[in-house]
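Quick mapping for you: the protein sequence lines, in order, are chains A and B.
Read the first sequence against my numbering and you will find it ends at 1489, with the numbers running on by one and no gaps.
Read the second sequence against my numbering and you will find it ends at 1489, with the numbers running on by one and no gaps.
C-beta: ideal position from N, C-alpha, C; glycine also.
Keep in mind the model is a prediction, meaning the values are calculated, not measured.
2 protein chains.
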Amino acid sequence: MAHTIKDVARLAGVGIATVSRVINGSPNVLPRTRERVLAAIEELGYRPNQAARQLVTARTNTIGVVLPFLTRPFFVEVLRGIEAEVAQANYQLIIFNVESVEQRDRYFGHLPFLGRLDGLIVLSLPLGAAELDRLSKVDLPVVLIDTEAHNLPAVVIDNETAAQMAVEHLIEHGHQRIGYICGPLYPELGISVNRERLIGYEAALRTHNIEICQDYIRASGDGREVGRASTKALLNLATPPTAIFAASDEQAFGAMDEIQARGMQVGQDIAVVGFDDLEMSSYLQLTTVHQPMERMGRSGARILLDRLSNPDQPAPRRTVIPVELCVRQSSVPKS
Amino acid sequence: MAHTIKDVARLAGVGIATVSRVINGSPNVLPRTRERVLAAIEELGYRPNQAARQLVTARTNTIGVVLPFLTRPFFVEVLRGIEAEVAQANYQLIIFNVESVEQRDRYFGHLPFLGRLDGLIVLSLPLGAAELDRLSKVDLPVVLIDTEAHNLPAVVIDNETAAQMAVEHLIEHGHQRIGYICGPLYPELGISVNRERLIGYEAALRTHNIEICQDYIRASGDGREVGRASTKALLNLATPPTAIFAASDEQAFGAMDEIQARGMQVGQDIAVVGFDDLEMSSYLQLTTVHQPMERMGRSGARILLDRLSNPDQPAPRRTVIPVELCVRQSSVPKS
DNA sequence: TTTGAGTGTGGAAACGTTTCCAGAGTATAG
DNA sequence: CTATACTCTGGAAACGTTTCCACACTCAAA
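This is the structure:
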């Protein structure tokens, strides 16, 4: 059986309160007393029981993160940032992976993490009125990343402006017929980036008095293969676009696959711009909007941690992380 | 303030012990009593305090996973399998990401998770004598995935045999000069797959009386770019290999990059075989050893969970997950 | 010397559960 | 009608901490 604080107290010849003070770094302990206690702790290999500690302090030193599709690079990179920041602050990180509507509803319906968490990060998942309502009732500090909701602190990028920037880059390089490929505009889990980026795409065209052609907009599914299929459809049009803006790098990879499979040159014959800047994108020379994913994770985690150590101070309502366009050969071929 | 079991008991007009019995599904409760209690729980929105529960039961309902490089696809896929299985069993999952030797030593030196976990999964990280010693002292159930250690249950694949199979596939298709590219044989964290796969590579050659040429073996770093560099070195040899076996798909992608950059055809001019079977590998038509990553995660998690619910029954010492070779055009061009 | 503040310490209450134990009630067998 | 067994229930102990409170002591000021 593991030792308790009483064993330590007895061995050190002090009271349990003093041991507790030593453990928690209270200043009011005589140096020689502290040393005796530390020696006893060392000798017994004593470890404070976390459950007992939590029970009395009502803190768990744990934060949770709910995220969709643990497997997709974007979410993993953000998670990595969160993990780094959380570990550094000596908190634990519990993850809840959501891959279906039922799972999401299970988590937000039952809130199974309720007693176990000091705070929660929700990544990319939009929260509906029901979820917000339930969350607000239990007063658990929440921070959102890559999604927004009334009144909750959020770390986001400006998808509209970023997309507009990407499309304007294409326009500046002489393109007038620009396709947009993305995943479903209204996906099951309600993730809205594809919609927001569509708005930016349309804004760029409108600004330059280019007519918006519905045939150039293909919103179907996620992933590389679907991106390739969408591109195939675009290139089979009577008047195909000369440039393609993809709402994700994975889709853009698919576009490049299709272009190359047709014996055409990416950048030369058809320009491609993506969104995310995955590790592979620079290898493939894909022009893309760089999202600082790890930084978004760190930023969100930090906001939550700050709020935990400083409960009265309000968290910043909305933190916009700047993005930038990485211009590579897929849109501007080397001369 | 949140309600306690006492509030529920008072409202339902029963004792706290009865409420506890209802919560924990004890059979000896009169149906109408149970209903009164459930109604009270519902009305108050009562949730049992986890810390109090843990304190008295000495169980946390949480398992931890220590894994390196949260960002690499292989580890993420395995983690996903673990998460799925753990969530299904109504356990929480705490993750500890290790990206440096210091971090690993911090985790295994202090075992900061000690009081918070019912069990631990170690993914891919080899454990030294010191770590094993410490772990055995604290009697925390441990399961290893993709790594092995004296006496601890482990879920692994047979890297040697798998590599041998991959190389023999190349030999059968007429290749005699076969290169092997991989990450460092003795990396910082001690991960040993590259070494094991090298042994399989050598065994295949030896079996077919092919001389092992040290120039054909390039162990440098991880990732796609390094794979490309290794391939460049191989192809610049006076007598370059006609086939390349890469210890990871990421490395194989780099090899394909370099081959294509030289205007040669993958599969036609140089054959490439990888290891992992990432999502992208089928798109790129890469022949590769398929590792059922998610399944490995699930399998390891299940072994741990079984052991937790059944402490006396010994866990299977070594579970070997079968792998298979996925033959695609990178080694056998379509005719 | 007395007062007062300040420092170091220990005992005990409190946190919210689970579970042991005992008791009340009911049904069954002798 | 009593003895026995079984079911349902409630009180209270126990889990291992933190923290409140009280006490003893030291030292400086009055």
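Distance, aspartate 1403(B) Cα to glutamate 1379(B) Cα: 12 Å
Under 9 Å by beta carbon: chain B residues contacting alanine 1490(A): In this structure chain A extends from 1155 to 1489, so residue 1490(A) is not present and cannot be described.
Nearest-angstrom Cα separation, counted from threonine 1396(B) out to arginine 1331(B): 6 Å
Buried or exposed by the 16-neighbour rule on C-beta atoms within 10 Å, applied to glutamine 1204(A): buried
Exposed unless 16 or more other CB atoms sit within 10 angstroms - verdict on tyrosine 1340(B): exposed
Proximity of glycine 1535(A) and valine 1232(A) at Cβ, strictly below 8 Å: Nothing can be reported for residue 1535(A): it is not among the residues displayed for chain A, which extend from 1155 to 1489.
Sufficient close CB pairs (3 or more, under 8 Å) joining the region 1465 to 1482 of chain A to the region 1299 to 1309 of chain A: yes
Contact list for threonine 1225(B) against chain A, beta-carbon separation under 7 Å: Val1230, Glu1231, Arg1234
Euclidean distance between Cα positions of alanine 1490(A) and serine 1278(A): Because chain A here runs from 1155 to 1489, residue 1490(A) falls outside it and cannot be looked at.
Any alpha helix (DSSP H) of 4 or more consecutive residues that is wholly inside the region 1248 to 1272 of chain A: 1255 to 1264
Chain B within 8 Å of aspartate 1411(A), Cβ atoms only: yes
Rounded straight-line distance, which links the Cα of proline 1266(A) to that of leucine 1459(B): 19 Å
Reduced DSSP category for valine 1486(B) - H, G, I as helix; E, B as strand; rest coil: coil
C-beta neighbour in chain B for tyrosine 1245(A), strict 8 Å: no
Cβ pair tyrosine 1370(A), valine 1321(A) closer than 8 Å: no
Buried or exposed (CB count within 10 angstroms, at least 16 for buried), histidine 1323(B): buried
Collapsed DSSP secondary structure at tyrosine 1334(A) in the structure displayed: strand
Neighbour flag for arginine 1186(B) against chain A, beta carbons, 8 Å: no
Nearest residue (CA-CA) to aspartate 1411(A), options Arg1213(A), Glu1196(A), Gly1377(A): Gly1377(A)
Helix, strand or coil at alanine 1401(A) [DSSP, three-state]: coil
Outcome for isoleucine 1329(B) when other beta-carbon atoms lying within 10 angstroms are tallied against a minimum of 16: Note that residue 1329(B) is histidine in the sequence shown here, rather than isoleucine. Counting Cβ neighbours within 10 Å, histidine 1329(B) comes out buried, since at least 16 surround it.
8 Å Cβ cutoff, leucine 1268(A) in contact with chain B: yes
Counterpart residues of alanine 1373(A) in DSSP-defined beta bridges: Cys1336(A)
Exposure label - valine 1285(A); buried when at least 16 CB within 10 Å: One detail in the question is off: residue 1285(A) reads as glutamate in this sequence, not valine. Buried, by the Cβ-count rule.
Test item: CB-CB of glycine 1235(A) and arginine 1201(B) under 8 Å: no
Chain-ordered neighbours of asparagine 1178(A) on chain B, where CB pairs are closer than 7 Å: Here the premise fails: no neighbours, minimum Cβ distance about 16 Å.
Residue burial classification, glutamate 1239(B) (beta-carbon count within 10 angstroms, cutoff 16): buried
Other residues of its chain near glutamine 1414(A): CB distance less than 7 Å, five sequence neighbours each side excluded: Val1420
Which residues DSSP lists as bridging threonine 1442(A), in chain order: Gly1428(A), Cys1480(A)
Min CB distance glutamine 1204(B) to chain A below 8 Å: yes
Cα-Cα separation between arginine 1213(A) and alanine 1401(B), rounded to whole angstroms: 45 Å
Which listed residue (Asp1287(B), Gln1257(B), Ser1484(B)) has its alpha carbon closest to that of valine 1426(B): Ser1484(B)
Nearest-angstrom Cβ-Cβ length linking valine 1191(A) and valine 1220(A), presumed shorter than 8 Å: Between valine 1220(A) and valine 1191(A) the Cβ distance is about 41 Å, and since that is not below 8 Å, they are no contact.
Contacts around alanine 1243(B), its chain only, beta-carbon distance under 7 Å, and the 5 residues preceding and following it disregarded: Leu1459
For glycine 1218(A), three-class secondary structure by DSSP: strand
Rounded C-alpha distance that separates phenylalanine 1228(A) from aspartate 1431(B): 20 Å
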